[in-house]
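A.B. asks: Residue numbers (our numbering): 7 to 239.
Even glycine gets a Cβ: it sits at the ideal position worked out from N, Cα and C.
Structure below; questions to follow.
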């Protein structure tokens, strides 16, 4: 039996405020696969990610993410979808009024975890996996940008996601730190058989960490040809 795709869109139209951003999208990723999503500003990268994590409705076509039907995705089902995903943003989106540990506790409690010992153990696990085990009592402002992004990645891992959606996760980081974060994401993807779709403008990272690359252009999503990957980008 063929393995079920972790992401599958067929003939999907992506709208942003009633404006058609992407047209007749056919897009598929398998479990454990790593891929980039590139394209000029305004080409539809973020809108596509929002469709995948339920922030925008899929108004036409077909689509599933981690086995969940996007077409019939009700508001009450969005939390169920997001428990199967990890989402990493460019600006970290940590709660600034509480420690790293309490940031992660907040997510676990919000997604149904009840037992204090299990919550504490899972927090220790994910922080250790991103080399931040000694920082859990720090406040976000006490951490560097790279450290904050490591915590954001740890937060994305909390519910054992099948898929990470990363929207410009290195966009606010210097080149050396970006390289460290990419190394971390690739390692976690491989170790956990976890698919990752990463939107990026940083083509130097794609050169250093080559992988399948999708490009948003002319209202379509296409597989970028390697020899033309960096032309007119």
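Mind the definition here: the stretch 141-153 touches the stretch 194-209 only if three or more C-beta pairs lie below 8 Å; say whether that holds.
C.D. replies: Contact between the stretch 141-153 and the stretch 194-209 is absent, because fewer than three Cβ pairs lie under 8 Å.
A.B. asks: Under the rule that 16 or more other beta-carbon atoms within 10 Å means buried, what is residue 71, buried or exposed?
C.D. replies: Within the chain shown, numbered from 1, the residue matching residue 71 stands at position 65. Buried.
A.B. asks: Using alpha carbons as the reference points, say which of 31, 23, 25, 26 lies closest to residue 17.
C.D. replies: Numbered from its first residue, the chain shown carries residue 17 at position 11. Among 31, 23, 25, 26, the Cα nearest to that of residue 17 is on 31.
A.B. asks: Is residue 42 helix, strand or coil by DSSP?
C.D. replies: Position 36 of the chain shown, counted from the first residue, corresponds to residue 42. In the structure shown, residue 42 sits in a strand (DSSP, three-state: E or B).
A.B. asks: Could you spell out where the alpha helix (DSSP H) holding residue 21 opens and where it closes?
C.D. replies: What you label residue 21 is simply residue 15 of the chain shown in a count that begins at 1. Note, residue 21: premise wrong, no alpha helix (DSSP H); beta strand (DSSP E) at 13-22.
A.B. asks: Would you say residue 95 touches the ligand FMN, meaning its beta carbon is less than 7 Å from a heavy atom?
C.D. replies: With respect to small molecules bound, the structure shown includes none, and the ligand FMN cannot be examined in it.
A.B. asks: Which residues mark the beginning and the end of the beta strand (DSSP E) in which residue 188 is found?
C.D. replies: The residue labelled residue 188 in the question sits at position 182 within the chain shown. Per DSSP, residue 188 belongs to no beta strand (DSSP E); it is in the alpha helix (DSSP H), 181-197.
A.B. asks: Three-state secondary structure (DSSP) at residue 201?
C.D. replies: For the purposes of this step, residue 201 is taken as residue 195 along the chain shown, with counting starting at 1. It is a strand residue.
A.B. asks: Can you name, in chain order, every residue of its own chain whose Cβ lies under 8 Å from the Cβ of residue 168, other than the five neighbours on each side?
C.D. replies: The residue given as residue 168 occupies position 162 in the chain shown. Closer than 8 Å at Cβ, skipping near neighbours: 12, 37, 72, 90, 91, 200, 201.
A.B. asks: Is residue 64 helix, strand or coil when you go by DSSP?
C.D. replies: Here residue 64 is taken as the residue at index 58 of the chain shown, counted from 1. Coil, per DSSP.
A.B. asks: Would you mind listing the beta strand (DSSP E) stretches within the stretch 85-149 that are 3+ residues and don't spill past its ends, in chain order?
C.D. replies: Complete beta strand (DSSP E) runs here, min 3: 91-95.
A.B. asks: Could you spell out the range, first to last residue, of the beta strand (DSSP E) harbouring residue 223?
C.D. replies: Working through the chain shown from its first residue, we reach residue 223 at position 217. Counting along the chain, the beta strand (DSSP E) containing residue 223 begins and ends at 218-223.
A.B. asks: Given residue 97, which residues of its chain have a CB within under 7 Å of its CB, disregarding the five upstream and five downstream residues?
C.D. replies: The count along the chain shown starts at 1 and reaches residue 97 at position 91. So the list reads 178, once near-sequence residues are dropped.
A.B. asks: Residue 157 by DSSP, collapsed to three states: which one?
C.D. replies: Taking the chain shown and counting its residues from 1, one reaches residue 157 at position 151. In this structure, residue 157 counts as helix in the three-state DSSP scheme.
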